[in-house]
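Student:
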Amino acid sequence: MIEDFREQADAANLDCDLCIIGAGAAGVSIAREFLGSAISVCLVESGGLDFEAETQALYEGESVGLSYPDLDIPRLRYFGGSTNHWSSQCAPLDALDMAPRSWVADSGWPIERAVLEPFYDRAHTACDLGENLYGEALIKALGLAPPAIDPAKLRNYVWQYRTRPNLGHAPLRFGAFYREALEKAVNIRVLLHANVTDIRTNNEANRVEHVAIAALDGPAGRIRARQVVLACGGIENARIMLLSDKIEPNGLGNRHDLVGRYFLEHITGFGGRMVTADSTPLQENYNYHQNTKFWFGLALSEALQGSAEVANCAALLQYVPNMESGVGALRRMWADIREGEVPDDLGQEVLRVIKDLDGASTAIWQRLAGKAPRVANPAEILLDIRSEQVPNRDSRVMLADDVDGLGLRRTRLDWRMGEQDRRTMEVMGRTLGEEFGRLGLGRVRLEDWLLATDGSWTGDVVESSHHMGTTRMATMPQRGVVDEHCRVHGVENLHVAGSSVFPTGGHVNPTLTIVALALRLADTLKDNLARA
Amino acid sequence: MPINRRNILRGAVLALGAMMPGAAMSRIDDHGVLFQSPRAARTVGTHYLAQHPEERNAARLRQGLLAGAPTETGALRGHIQAKCRQDFAAGHTVVVDGWILARSEARACALVALGALVA
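Chains as they are written, first to last, in my numbering: chain A, 1 to 532; chain F, 1001 to 1119.
#1: Tell me where the beta strand (DSSP E) around A:Asp-4 begins and ends.
#2: Return the first residue and the last residue of the beta strand (DSSP E) that A:Ala-315 is part of.
#3: By a C-beta neighbour count over all protein chains shown, 10 Å radius and 16 as the cutoff for buried, is A:Thr-453 buried or exposed?
#4: Assuming A:Asn-237 is part of the alpha helix (DSSP H), what are its boundary residues?
#5: Would you kindly work out how many angstroms separate the C-alpha atoms of A:Leu-529 and A:His-256, rounded to a whole number?
#6: With 8 Å as the threshold, decide whether the Cβ of F:Phe-1035 is near any Cβ in chain A.
#7: Name the chain A residues that come within less than 7 Å of F:Ala-1089, Cβ to Cβ?
#8: Indicate whether at least one CB of chain F lies closer than 8 Å to the CB of A:Val-481.
#9: With DSSP as the reference, please indicate the residues paired to A:Trp-159 in a beta bridge.
#10: By the three-class DSSP mapping on this structure, what secondary structure does A:Ile-223 have?
#11: Less than 8 Å separating the beta-carbons of A:Gly-81 and A:Ala-23?
#12: Between F:Gly-1022 and the rest of its own chain, which residues show a CB-CB distance below 8 Å, the 5 nearest in sequence each way excluded?
#13: Give the straight-line distance between the Cα atoms of A:Asp-278 and A:Arg-352, rounded to the nearest whole angstrom.
#14: Between A:Leu-446 and chain F, is the shortest Cβ-Cβ distance under 8 Å, so that the two count as touching?
#15: Would A:Leu-451 pass as an interface residue toward chain F - the criterion being a Cβ-Cβ separation below 8 Å?
#16: Please classify A:Met-428: is it buried, with 16 or more other beta-carbons within 10 angstroms of its beta-carbon, or exposed?
#17: Looking at chain A, is there any beta carbon in it that lies within less than 8 Å of the beta carbon of F:Thr-1093?
#18: Kindly list, in the order they appear in chain F, the residues whose Cβ is closer than 8 Å to that of A:Glu-434.
#19: How about A:Asn-285 and A:Leu-144: are their beta carbons less than 8 Å apart?
#20: Going by C-alpha distance, which of A:Leu-71, A:Ser-387, A:Ile-235 and A:Ile-73 is nearest A:Val-496?
#21: Can you find a CB in chain F that lies within less than 8 Å of the CB of A:Arg-443?
#22: Need the endpoints of the alpha helix (DSSP H) that A:Val-115 sits in, please.
#23: Quick check: what's the CA-CA separation for A:Leu-138 versus A:Tyr-157?
#24: Apart from the five residues on each side of it in sequence, which residues of its chain come closer than 7 Å, Cβ to Cβ, to A:Val-327?
#25: Look at A:Asn-206 and A:Glu-492 and say whether their C-beta atoms are less than 8 Å apart.
#26: Taking only beta-carbon positions, decide if F:Gly-1022 is within less than 8 Å of chain A.
#27: For a cutoff of 8 Å on Cβ pairs, would you count A:Arg-423 as touching chain F?
#28: Quick check on DSSP: helix, strand or coil for A:Thr-197?
#29: State buried or exposed for A:Lys-153, treating a residue as buried only when at least 16 other CB atoms are found within 10 Å of its CB.
#30: Please list, in chain order, the chain F residues whose beta carbon lies closer than 9 Å to that of A:Arg-430.
#31: Quick one: is A:Arg-261 buried, meaning 16 or more other Cβ sit within 10 Å of its Cβ, or exposed?
#32: Around the Cβ of A:Asp-537, are there at least 16 other Cβ atoms within 10 angstroms (buried) or fewer (exposed)?
#33: Checking contacts by CB at 8 Å: is A:Lys-526 closer than that to chain F?
#34: What is the DSSP secondary structure of A:Trp-550, reduced to helix, strand or coil?
#35: Measuring CB to CB, does A:Leu-172 end up less than 8 Å from A:Ser-88?
#36: Quick check: the Cα distance between A:Asp-106 and A:Arg-472, rounded to an integer number of angstroms?
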């Protein structure tokens, strides 16, 4: 059932087996695992079913480190969470991403990549993607014949998207998609407009006794649960733990000053441009396939990451249509139409299509045939580099001095990057240039920032709105906030779900791994609740 | 003429043969006519010589790049192409003004910058 906390007086003091805080990708995925079971679940969501400015404003905060978007922009605070604006670009982590790497400080997960494989299968279903198939096996299945890159340096890399025929990307909105199932569930109570204000433990701080909730200008209450999962995203998870300081003055689970630290992002930037006499061999491979279902790029090999002592990194080629081309005009008009807007400069755009009828009709045919339209004589080919960020203890989420609408201290973000992050992207750009040169595919010119060692480069890259690392996973409490089962060290019934538990984040979008870990945690919770 | 994508494409990259099948190649022979856009090649060459002042010696550069090259018209292009392929295969690349080039490619540009090859 789905209820509004503001209208449910009986919800002011609620008992359940499992309390999940946050109804985003992780929280909804865990809740679904208990559909139809004997376990009573309360799924607590700060927002309503749709965007509300007043609730969203609870995400506002301050940034004191590197330039970062306003903190209420990259995430969404309503049912479905940030899946309400994600792109659905998915890929699993590599084995090396989770292994200890001597050249990446504080790397290494306490679980091996193989542990996640069955959960990636299930995550694919949960995200309504296709088969859990990647890498060379997928390339073969797609019938592609990519250039013979040196496998000691680069790997072919494919991302998957959720798509719908002739519509292209159709990201799964977890809230809308799973709403009906949760609404019908008799054992699951979704409580909207319920903000967690405190996770209160016993005096020994080793067991959660209740979760305090409050509505904006509304009732307050408590939820008592046998097991509690915090699933509010990579920034908010840390914030709520730091705010829960009634028993532990430095915040819940923060005896080793790790909560909020090691904030990670994925760093992206256009690292270079490519010139070629014929882009066909590139566009036939390094492009979208099956009507944007798959996006084919390149990534650093594990061997090169080790020998160059850099992190993981990938690159996509972006073919920039010539402004005057019919394909470019069609793309711009289609983008406007999808947004429900009349295309700007409609007459000129139609004229461009007529002048380039050949190119435009070829693009339409390719689209109908399930291929991504190729760009004839692209104005530019850009190297879109997407890099892992190495863990940095001083990159962190803290509490600000001013407070939000609930009287809770806001977030203060201090995002930092380091020279190894730049070097990772430089190695990616250089290697692409060397390999494309060797294969006769063209020449690459690196952007100045990629070669700048004075720190100025940080202004030329952007974040990806992927918030990771702030409650990192480690076997020992001195090294991590949660253990290998995502349980907060020292607190027997508190778990954390989401990318905040990632000790390192690879270069891939985090949602697929968030869901895989959430499903794994759900299995753990089932065992815990069955045993208790 | 500024160094930009188009000029590099025409000059240093395409004219040196640079393994781009189907490209509109500029004239290249052993009479010193090498580039459609010599200014772009000269810019790359100037950057290369600034990075490697010890190579500012046209005779030595020419000897290193063109030794053993066939003399018939058109064959010099193939000779330089082959040297570029060998360089890339061996990892003998340089970054010049951001461009990732075969060392032979960059040295040919340096020869243009030194006036030892004239468009």
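We treat Cβ as the ideally placed atom computed from N, Cα and C, and that holds for glycine.
Tutor: This is what the structure gives:
#1: Along the first sequence, read from residue 1 onward, the residue named residue 4 of chain A stands at position 4. Boundaries of the beta strand (DSSP E) around A:Asp-4: 2 to 4.
#2: Your numbering for residue 315 of chain A matches position 315 in the first sequence. DSSP places A:Ala-315 in the uninterrupted beta strand (DSSP E) bounded by 313 to 320.
#3: On the first sequence, position 453 is the one that residue 453 of chain A refers to. Classification for A:Thr-453: exposed.
#4: Taking the first sequence and counting its residues from 1, the one referred to as residue 237 of chain A is at position 237. Segment 236 to 243, the alpha helix (DSSP H) holding A:Asn-237.
#5: Mapped onto the first sequence, residue 529 of chain A falls at position 529. Mapped onto the first sequence, residue 256 of chain A falls at position 256. Distance between the alpha carbons of A:Leu-529 and A:His-256 is about 28 Å.
#6: Taking the first residue of the second sequence as position 1, residue 1035 of chain F is located at position 35. A caution first: F:Phe-1035 carries a pLDDT of 44, below 50, which makes its placement in the model too unreliable to give a value.
#7: Within the second sequence, the letter at position 89 stands for residue 1089 of chain F. At a beta-carbon threshold of 7 Å, the residues of chain A lying near F:Ala-1089 are Arg-438, ordered along the chain.
#8: Locating residue 481 of chain A in the first sequence gives position 481, counting from the first residue. No, A:Val-481 does not count as interfacial toward chain F.
#9: Working through the first sequence from its first residue, we reach residue 159 of chain A at position 159. Note: A:Trp-159 is bridge-paired with A:Trp-295 in the DSSP secondary-structure output.
#10: Position 223 of the first sequence, counted from the start, is the residue given in the question as residue 223 of chain A. A:Ile-223 falls in the strand class under three-state DSSP.
#11: Locating residue 81 of chain A in the first sequence gives position 81, where the first residue counts as 1. Locating residue 23 of chain A in the first sequence gives position 23, where the first residue counts as 1. A:Gly-81 is a Cβ neighbour of A:Ala-23, given a cutoff of 8 Å.
#12: Along the second sequence, one-based indexing puts residue 1022 of chain F at 22. At F:Gly-1022 the pLDDT is 27, less than 50, meaning the model places this residue with poor confidence; the figure from the coordinates comes in the next sentence. Non-local beta-carbon contacts of F:Gly-1022 in its own chain, meaning distances under 8 Å to residues more than five positions away in sequence, are absent.
#13: Counting from 1 along the first sequence, the entry for residue 278 of chain A is found at position 278. Counting from 1 along the first sequence, the entry for residue 352 of chain A is found at position 352. A:Asp-278 and A:Arg-352: Cα-Cα distance of roughly 23 Å.
#14: In the first sequence, counting from the first residue as 1, residue 446 of chain A sits at position 446. Against chain F, the CB of A:Leu-446 has a partner CB under 8 Å away; the residue lies at that interface.
#15: The residue labelled residue 451 of chain A in the question sits at position 451 within the first sequence. Output row for A:Leu-451: interface = yes.
#16: In the first sequence, counting from the first residue as 1, residue 428 of chain A sits at position 428. Looking at its Cβ environment, which holds 16 or more other Cβ atoms inside 10 Å, A:Met-428 is buried.
#17: The residue given as residue 1093 of chain F occupies position 93 in the second sequence. For F:Thr-1093, a Cβ of chain A is located within less than 8 Å of the residue's own Cβ.
#18: Position 434 of the first sequence, counted from the first residue, corresponds to residue 434 of chain A. Result: Phe-1088, Gly-1091, Thr-1093 and Ile-1100.
#19: Taking the first sequence and counting its residues from 1, the one referred to as residue 285 of chain A is at position 285. Taking the first sequence and counting its residues from 1, the one referred to as residue 144 of chain A is at position 144. With contacts defined as CB atoms closer than 8 Å, A:Asn-285 and A:Leu-144 qualify as a contacting pair.
#20: The residue labelled residue 496 of chain A in the question sits at position 496 within the first sequence. Of the candidates A:Leu-71, A:Ser-387, A:Ile-235 and A:Ile-73, the residue whose Cα lies closest to the Cα of A:Val-496 is A:Ile-235.
#21: Within the first sequence, residue 443 of chain A is the residue found at index 443, counting from 1. Taking Cβ atoms only, chain F reaches closer than 8 Å to A:Arg-443, which makes this a yes.
#22: The residue labelled residue 115 of chain A in the question sits at position 115 within the first sequence. Note, A:Val-115: alpha helix (DSSP H), 113 to 126.
#23: Here residue 138 of chain A corresponds to residue number 138 of the first sequence, with the count starting at 1. Here residue 157 of chain A corresponds to residue number 157 of the first sequence, with the count starting at 1. Those two C-alpha atoms are separated by around 9 Å.
#24: Against the first sequence, residue 327 of chain A aligns to sequence position 327. Counting only Cβ-Cβ distances below 7 Å, and skipping sequence neighbours, we find Pro-321, Gly-359, Ala-360, Ala-363, Pro-373, Val-375 and Ala-376.
#25: Counted from its first residue, the first sequence places residue 206 of chain A at position 206. Counted from its first residue, the first sequence places residue 492 of chain A at position 492. The answer is yes: Cβ separation under 8 Å.
#26: The residue labelled residue 1022 of chain F in the question sits at position 22 within the second sequence. Residue placement at F:Gly-1022 is flagged as unreliable, the pLDDT there being 27, under the threshold of 50; the coordinate-derived value follows with that caveat. Chain A places a beta carbon closer than 8 Å to that of F:Gly-1022, counting this residue as a contact.
#27: If you number the first sequence from 1, residue 423 of chain A lands on position 423. A:Arg-423 does not count as touching chain F.
#28: Residue numbering aside, residue 197 of chain A sits at position 197 when the first sequence is read from its first letter. Reduced to three states, the DSSP call for A:Thr-197 is strand.
#29: Locating residue 153 of chain A in the first sequence gives position 153, counting from the first residue. Looking at its Cβ environment, which holds 16 or more other Cβ atoms inside 10 Å, A:Lys-153 is buried.
#30: Taking the first sequence and counting its residues from 1, one reaches residue 430 of chain A at position 430. Against chain F, a Cβ distance below 9 Å from A:Arg-430 picks out Thr-1093, Val-1095 and Ile-1100.
#31: Working through the first sequence from its first residue, we reach residue 261 of chain A at position 261. Buried, because 16 or more other Cβ atoms sit within 10 Å of the Cβ of A:Arg-261.
#32: No statement about residue 537 of chain A is possible, as the shown extent of chain A runs from 1 to 532 and does not include it.
#33: Translated into the one-based positions of the first sequence, residue 526 of chain A becomes position 526. Closer than 8 Å: no.
#34: Because chain A in this structure spans residues 1 to 532, residue 550 of chain A falls outside the shown range and cannot be described.
#35: As a working mapping, residue 172 of chain A is identified with position 172 in the first sequence. As a working mapping, residue 88 of chain A is identified with position 88 in the first sequence. In terms of Cβ geometry, A:Leu-172 and A:Ser-88 form a close pair [threshold 8 Å].
#36: Taking the first sequence and counting its residues from 1, the one referred to as residue 106 of chain A is at position 106. Taking the first sequence and counting its residues from 1, the one referred to as residue 472 of chain A is at position 472. So the two alpha carbons sit approximately 10 Å from each other.
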